[in-house]
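Just so we're aligned: 83 in our numbering is position 78 of the sequence shown, and the numbers increase by one with no gaps anywhere.
A short write-up of the structure that comes next.
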Amino acid sequence: MGRKILGYWDCEYCGTKKIRGNIKSCPNCGRPVGDNIKYYIDARNITYVKDEEVPKAEEWRCLYCGSYNSFDVKECRNCGSSRSDENKTYFQVHESHIESENERFEKEVEDYETRYKPYDFKSSVIGAKEKILPNITNFIKGNSKKIIISLIAIITVILLVFLLIPKEQTLVVTGFSWERNVVIDKYQTVFDNDWYLPPTARLRYTREEIRSYNREIIGYEEETYTEREIVGYKEVVTGHRDLGNGYFEEITRSEPVYEYVTKTRTVPKYENVPVYATKYYFDIDKYVYCRTVTTSGFDKSPYWPEQPKEKTNPKIGDERVSSRNEMYKISAYRIEKTDTISEYSLNYDVWNTLKEGDTINCRVYITGYIEII
Ligand SMILES: [Zn+2]
Ligand SMILES: [Zn+2]
Numbered sequence: 006m007g008r009k010i011l012g013y014w015d016c017e018y019c020g021t022k023k024i025r026g027n028i029k030s031c032p033n034c035g036r037p038v039g040d041n042i043k044y045y046i047d048a049r050n051i052t053y054v055k056d057e058e059v060p061k062a063e064e065w066r067c068l069y070c071g072s073y074n075s076f077d078v079k080e081c082r083n084c085g086s087s088r089s090d091e092n093k094t095y096f097q098v099h100e101s102h103i104e105s106e107n108e109r110f111e112k113e114v115e116d117y118e119t120r121y122k123p124y125d126f127k128s129s130v131i132g133a134k135e136k137i138l139p140n141i142t143n144f145i146k147g148n149s150k151k152i153i154i155s156l157i158a159i160i161t162v163i164l165l166v167f168l169l170i171p172k173e174q175t176l177v178v179t180g181f182s183w184e185r186n187v188v189i190d191k192y193q194t195v196f197d198n199d200w201y202l203p204p205t206a207r208l209r210y211t212r213e214e215i216r217s218y219n220r221e222i223i224g225y226e227e228e229t230y231t232e233r234e235i236v237g238y239k240e241v242v243t244g245h246r247d248l249g250n251g252y253f254e255e256i257t258r259s260e261p262v263y264e265y266v267t268k269t270r271t272v273p274k275y276e277n278v279p280v281y282a283t284k285y286y287f288d289i290d291k292y293v294y295c296r297t298v299t300t301s302g303f304d305k306s307p308y309w310p311e312q313p314k315e316k317t318n319p320k321i322g323d324e325r326v327s328s329r330n331e332m333y334k335i336s337a338y339r340i341e342k343t344d345t346i347s348e349y350s351l352n353y354d355v356w357n358t359l360k361e362g363d364t365i366n367c368r369v370y371i372t373g374y375i376e377i378i
């Protein structure tokens with residue numbers, strides 16, 4: 006049962022406003038509450054009353070003079086005519102009177118917004134709109150550094166993407182160059198170590214060493230943490246029900262009240278425990294990097310440097326080719342900028358077909374590499 010509130014009515018004869026619901030005759034003109042009057046709440050001035058002050062049921066309307074009478078009297082207090090089955094009750098007069106809870110609540114909030122300020126029907130509902138805009142402004146104020154850094158990052162990414170896109174250009178070939186190199190390994194005795202002993206290795210010694218770490222529980226400890234919890238419930242007023250006798254009853258809903266509660270729990274304590282294993286230190290014969298041999302020229306006749314042949318049973322001092330690399334370039338100027346000659350690298354097959362003075366349309370990458378279109 007919600008709390009009871011005193012209602013008000015307006016005199017439809019002399020226009021006196023806000024007559025208390027427990028006064029049944031207009032204090033100005035003396036006319037009784039009658040005909041189509043409807044009780045209402047003064048949202049600005051809520052007066053709570055005790056349950057026992059409120060009559061048990063709605064009032065009935067006198068057929069002859071139209072005034073309203075308490076449910077428990079048999080005769081009209083205004084004209085004295087007695088109550089019969091034809092007398093309508095307050096709710097029968099106001100057929101559409103019992104509105105849905107939501108409809109009524111929305112109407113009250115609307116009333117509140119247009120007419121009153123201090124009564125707090127449910128500030129969160131009314132305040133929601135006003136809260137969004139200041140929140141955005143505060144967010145911008147509080148995070149200005151982060152926002153600037155993000156903007157710089159975005160601009161940098163856009164610039165990078167722009168630079169990485171190849172540019173289409175027309176070039177005039179003025180010269181050629183090439184470079185080839187061979188990386189050579191030498192078969193040598195190396196002092197090395199590993200977690201296993203290779204079959205061809207000659208062991209010098211072994212040692213126990215940390216190979217990895219295991220995360221292990223070494224005990225338990227108490228930890229405090231906070232948790233949002235329901236600590237109780239509060240009644241929130243969602244609307245008001247007209248009792249049809251000059252009084253209203255609050256319609257309420259129970260809402261949980263949250264609070265942050267500090268709690269403790271037992272959590273395991275971890276430590277990284279080293280795992281030992283045997284490490285082998287040994288001599289082993291194998292190919293290791295020795296040198297790089299390069300040939301180059303400013304013509305169109307590239308050739309490879311001398312390359313050692315790999316032997317099936319290598320001996321100390323034997324050599325083999327580890328890798329080969331080649332690069333082909335042209336020097337050229339952009340057709341619209343004849344005084345600046347730059348170098349461009351390109352694929353051998355294309356390079357080989359070009360002649361001095363050729364005009365080529367190509368895509369130029371940021372690295373200087375070009376592709377013929
Ligand atoms: Zn009056
Ligand atoms: Zn009467």
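Just so you know, even glycine gets a beta-carbon here, dropped at the ideal spot from N, CA and C.
Since we're looking at a predicted model, the values are computed, not measured.
When you measure from the CB of residue i to every non-hydrogen atom of ligand 2, does any distance come out below 7 Å?
i       : result
Asn-50  : no
Tyr-13  : no
Ser-87  : no
Ser-72  : yes
Tyr-69  : yes
Asn-3   : Absent from the structure is residue 3, since the part of the chain shown begins at 6 and ends at 378.
Cys-31  : no
Asn-388 : Residue 388 cannot be examined here, being either before or after the span of the chain that is shown, 6 to 378.
Any heavy atom of ligand 1 closer than 7 Å to the beta-carbon of residue i?
i       : result
Thr-429 : Because residue 429 is not part of the residues shown, which for the chain are 6 to 378, the question remains open.
Arg-25  : no
Tyr-18  : yes
Arg-258 : no
Arg-418 : Nothing about residue 418 can be reported from this structure: the residues present for the chain run from 6 to 378 only.
Arg-246 : no
Arg-36  : yes
I think residue i touches residue j, with their Cβ atoms under 8 Å apart; what is that distance to the nearest whole Å?
i       : j       : result
Tyr-333 : Asp-199 : Contact doesn't hold; Cβ gap of about 41 Å is too wide.
Lys-9   : Val-54  : 5 Å
Trp-183 : Gly-302 : 6 Å
Lys-93  : Ser-87  : In fact, because the Cβ distance is near 15 Å, the residues do not count as touching under 8 Å.
Tyr-275 : Arg-220 : 5 Å
Val-195 : Thr-297 : Val-195 to Thr-297, Cβ: 20 Å. No contact.
Asn-74  : Cys-81  : 6 Å
Gly-362 : Val-178 : 6 Å
Gln-193 : Cys-367 : Gln-193 to Cys-367, Cβ: 46 Å. No contact.
Pro-313 : Glu-331 : Between Glu-331 and Pro-313 the Cβ distance is about 18 Å, and since that is not below 8 Å, they are no contact.
Hey, out of the options, whose CA is closest to residue i's CA?
i       : options                            : result
Glu-213 : Tyr-201, Val-98, Ile-223, Tyr-281  : Tyr-281
Trp-65  : Thr-52, Phe-167, Ile-42            : Ile-42
Cys-67  : Val-355, Ser-259, Glu-91           : Glu-91
Ile-335 : Asp-247, Val-278, Asn-357          : Asn-357
Thr-364 : Asp-354, Leu-351, Ala-337, Leu-156 : Ala-337
Lys-379 : Ala-62, Phe-144, Leu-176           : With the chain covering only 6 through 378, there is no way to say anything about residue 379.
Arg-49  : Val-278, Val-59, Gly-12            : Gly-12
Ile-371 : Leu-202, Tyr-349, Ser-72           : Tyr-349
Val-98  : Asp-40, Arg-258, Thr-142           : Asp-40
Arg-329 : Glu-57, Arg-185, Leu-351           : Arg-185
Tyr-69  : Phe-76, Tyr-45, Ser-89, Thr-300    : Ser-89
Lys-61  : Asp-77, Lys-320, Lys-146, Arg-270  : Asp-77
Ile-35  : Cys-19, Asn-27, Asn-143            : With the sequence shown as reference, residue 35 is identified as Gly, and Ile is not the correct amino acid for it. Among Cys-19, Asn-27, Asn-143, the Cα nearest to that of Gly-35 is on Cys-19.
Does residue i have its Cβ less than 8 Å from a Cβ in chain D?
i       : result
Ile-153 : Among the chains of the structure shown, chain D does not appear; only one protein chain is present.
Assess contact between the region 239-257 and the region 302-310, defined as three or more Cβ pairs (one per stretch) separated by less than 8 Å. Is contact present? Segments in contact, no.
So, do the region 224-236 and the region 260-271 have three or more beta carbon pairs nearer to each other than 8 Å? Short answer: they touch.
Between the region 154-173 and the region 246-253, do three or more beta carbon pairs fall short of 8 Å? At 8 Å Cβ cutoff, the stretches do not touch.
Go through the region 138-210 residue by residue and report every complete run of the alpha helix (DSSP H) that reaches 4 residues or more, in order. Entirely contained in the region 138-210, the alpha helix (DSSP H) runs reaching 4 residues are, in chain order, 149-169.
To test your reading of the DSSP string, which unbroken beta strand (DSSP E) runs of 3 or more residues are found completely within the region 15-87? List check, beta strand (DSSP E) in window: nothing returned.
Unbroken alpha helix (DSSP H) runs of length 4 or more, entirely within the region 290-359: which are they? Runs found: 353-358.
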